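J.:
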Amino acid sequence: DAGVTQSPTHLIKTRGQHVTLRCSPISGHKSVSWYQQVLGQGPQFIFQYYEKEERGRGNFPDRFSARQFPNYSSELNVNALLLGDSALYLCASSGGRSLSGNTIYFGEGSWLTVV
Amino acid sequence: TQLLEQSPQFLSIQEGENLTVYCNSSSVFSSLQWYRQEPGEGPVLLVTVVTGGEVKKLKRLTFQFGDARKDSSLHITAAQPGDTGLYLCAGSHQTGANNLFFGTGTRLTVIP
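Okay, structure coming up:
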């Protein structure tokens, strides 16, 4: 069975550009969350989507946005990229809305470098 | 703001030694999870603890959740080179939310 898949795996962007990262959850999972992991730190929560609706948002600026599609896949968009946006972006999926009884599975991430 | 502090941040030990990693917070969590992350990969869940004082064992790994649900520890017995990796603790404040607060991480290296 396929796990959480993310694309692209690596990309380089210039300051001020826009980026779209994509995530396909495990088949049957309806919840998708996005995390940013800066080098040397633990992941930080950005968004959670469940059944195509935003269910949680972390402390990130409005340049960050996301959406979930009817097939439960998700996109993370970042506008006006800054050097500090360089990080590993992780997508996680789980079967339900809450953590109770639901294991969260992470993808391998998308490495974004802003130059 | 890092709600969860892990110590030590770096740990290098010889194969066969024992070690303990600590995860501390001033906040109460409804559940706490431990992950291991390999270079170039996403975190992989090791265990979830939800009850204060709970102890779970996974082969040579022993996890404990503090009585007040503010802290946790991971103890590894007879460490092996395959245990090398980044260990992350992560807590959730609400049982109805999927947003995890991750710790700073402990990078473990086990030398053969």
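Which chain is which? The protein sequence lines are A and B, in order.
Position 68 of the first sequence, counted from 1, bears residue number 68 in the working numbering, the numbering being contiguous throughout.
Position 4 of the second sequence, counted from 1, bears residue number 119 in the working numbering, the numbering being contiguous throughout.
We put the beta carbon where it would ideally sit given N, CA and C, even for glycine.
The structure presented is a predicted model; accordingly, all values stated were derived computationally and were not measured.
Name the residue from A/Ser93, A/Pro61, A/Ala80 whose alpha carbon lies nearest to the alpha carbon of A/Tyr72.
T.: Along the first sequence, one-based indexing puts residue 72 of chain A at 72. The option with the nearest alpha carbon to A/Tyr72 is A/Ser93.
J.: Taking the alpha carbon of A/Pro43 as the reference point, which residue from A/Gly28, A/Thr113, A/Leu90 has its own alpha carbon closest?
T.: Residue numbering aside, residue 43 of chain A sits at position 43 when the first sequence is read from its first letter. It is A/Leu90 whose Cα lies nearest to the Cα of A/Pro43.
J.: Return the residue from the list B/Pro196, B/Ala193, B/Ser187 that minimises the CA-CA distance to B/Ala205.
T.: As a position in the second sequence, residue 205 of chain B is number 90, starting the count at 1. If we check each option's Cα against that of B/Ala205, B/Ser187 comes out closest.
J.: Could you give the DSSP three-state label for A/Gly56: helix, strand or coil?
T.: Numbered from 1 along the first sequence, position 56 holds the residue referred to as residue 56 of chain A. The answer is strand: DSSP assigns A/Gly56 an E or B state.
J.: Cβ of B/Thr221 less than 8 angstroms from any chain A Cβ?
T.: Here residue 221 of chain B refers to the residue found at position 106 of the second sequence. Taking Cβ atoms only, chain A never reaches closer than 8 angstroms to B/Thr221, which makes this a no.
J.: Can you tell me where the beta strand (DSSP E) with B/His190 in it begins and where it stops?
T.: By 1-based counting over the second sequence, the position of residue 190 of chain B is 75. Per DSSP, B/His190 belongs to the beta strand (DSSP E) from 186-191.
J.: Which one or two residues does DSSP pair with A/Gln48 in a beta bridge?
T.: If you number the first sequence from 1, residue 48 of chain A lands on position 48. A/Ser33, A/Gly56, per the DSSP bridge assignment.
J.: By a C-beta neighbour count over all protein chains shown, 10 Å radius and 16 as the cutoff for buried, is B/Phe125 buried or exposed?
T.: Residue numbering aside, residue 125 of chain B sits at position 10 when the second sequence is read from its first letter. Result: exposed.
J.: Taking 8 angstroms as the threshold (C-beta atoms), are A/Thr9 and A/Ser24 in contact?
T.: For this step, residue 24 of chain A is matched to residue 24 along the first sequence. For this step, residue 9 of chain A is matched to residue 9 along the first sequence. No; because the gap between Cβ atoms is not below 8 angstroms, this pair is not in contact.
J.: Just to confirm my understanding: we take B/Arg184, look at its own chain, exclude 5 residues before and 5 after, and list those with CB closer than 6 angstroms. What are they?
T.: Position 69 of the second sequence, counted from the start, is the residue given in the question as residue 184 of chain B. Excluding positions up to five away in sequence, the list reads Val143, Phe144, Gly167.
J.: How would you label A/Asp85, buried or exposed, when you count the other beta carbons within 10 angstroms and need 16 or more for buried?
T.: As a first step, residue 85 of chain A must be located in the first sequence, where it is residue number 85. Classification for A/Asp85: buried.
J.: What are the residues in the segment 158-169 of chain B lying within 9 angstroms of chain A by C-beta distance?
T.: Pro158, Val159, Leu160, Thr163, Val165
J.: Cβ of B/Gly206 less than 8 angstroms from any chain A Cβ?
T.: The sequence position of residue 206 of chain B within the second sequence is 91, counting from 1. It does not; no Cβ of chain A falls within 8 angstroms.
J.: Using the beta-carbon of each residue, which ones in chain A are nearer than 8 angstroms to B/Gly218?
T.: To locate residue 218 of chain B, count along the second sequence from 1; it is residue 103. Neighbours of B/Gly218 on chain A, chain order: Gly42.
J.: Under the DSSP definition of a beta bridge, which residues are partnered with A/Asn77?
T.: Translated into the one-based positions of the first sequence, residue 77 of chain A becomes position 77. Per DSSP, A/Thr20, A/Ser65.
J.: To the nearest angstrom, how far is it from the Cα of B/Phe217 to the Cα of A/Ser7?
T.: Against the second sequence, residue 217 of chain B aligns to sequence position 102. Against the first sequence, residue 7 of chain A aligns to sequence position 7. Straight through space, the alpha carbons of A/Ser7 and B/Phe217 are spaced by roughly 23 angstroms.
J.: Got a sec: is the Cβ-Cβ distance from A/Thr103 to anything in chain B below 8 angstroms?
T.: Numbered from 1 along the first sequence, position 103 holds the residue referred to as residue 103 of chain A. Judged by the 8 angstroms Cβ criterion, A/Thr103 is in contact with chain B.
J.: Taking DSSP's pairing of strands, which residues face B/Ala205 in a bridge?
T.: What you label residue 205 of chain B is simply residue 90 of the second sequence in a count that begins at 1. Partner(s): B/Gln148, B/Phe217.
J.: How big is the Cα-Cα spacing for A/Phe106 and B/Asn214?
T.: In the first sequence, the residue the question calls residue 106 of chain A occupies position 106. In the second sequence, the residue the question calls residue 214 of chain B occupies position 99. Distance between the alpha carbons of A/Phe106 and B/Asn214: 13 angstroms.
J.: Can you give me the C-alpha to C-alpha distance between B/Glu130 and A/Leu82, rounded to a whole angstrom?
T.: Taking the first residue of the second sequence as 1, we reach residue 130 of chain B at position 15. Taking the first residue of the first sequence as 1, we reach residue 82 of chain A at position 82. Distance between the alpha carbons of B/Glu130 and A/Leu82 is about 42 angstroms.
J.: Just to make sure I have the definition right: I need the residues of chain B whose C-beta is within less than 9 angstroms of the C-beta of A/Leu82. Which are they?
T.: Locating residue 82 of chain A in the first sequence gives position 82, where the first residue counts as 1. Those within 9 angstroms of A/Leu82 in chain B number zero; the least Cβ separation is about 20 angstroms.
J.: Can you list the residues of chain A that B/Glu132 reaches, using a CB-CB cut of under 9 angstroms?
T.: Indexing the second sequence from 1 puts residue 132 of chain B at position 17. The contacting residues do not exist; B/Glu132 stays about 25 angstroms from chain A at best.
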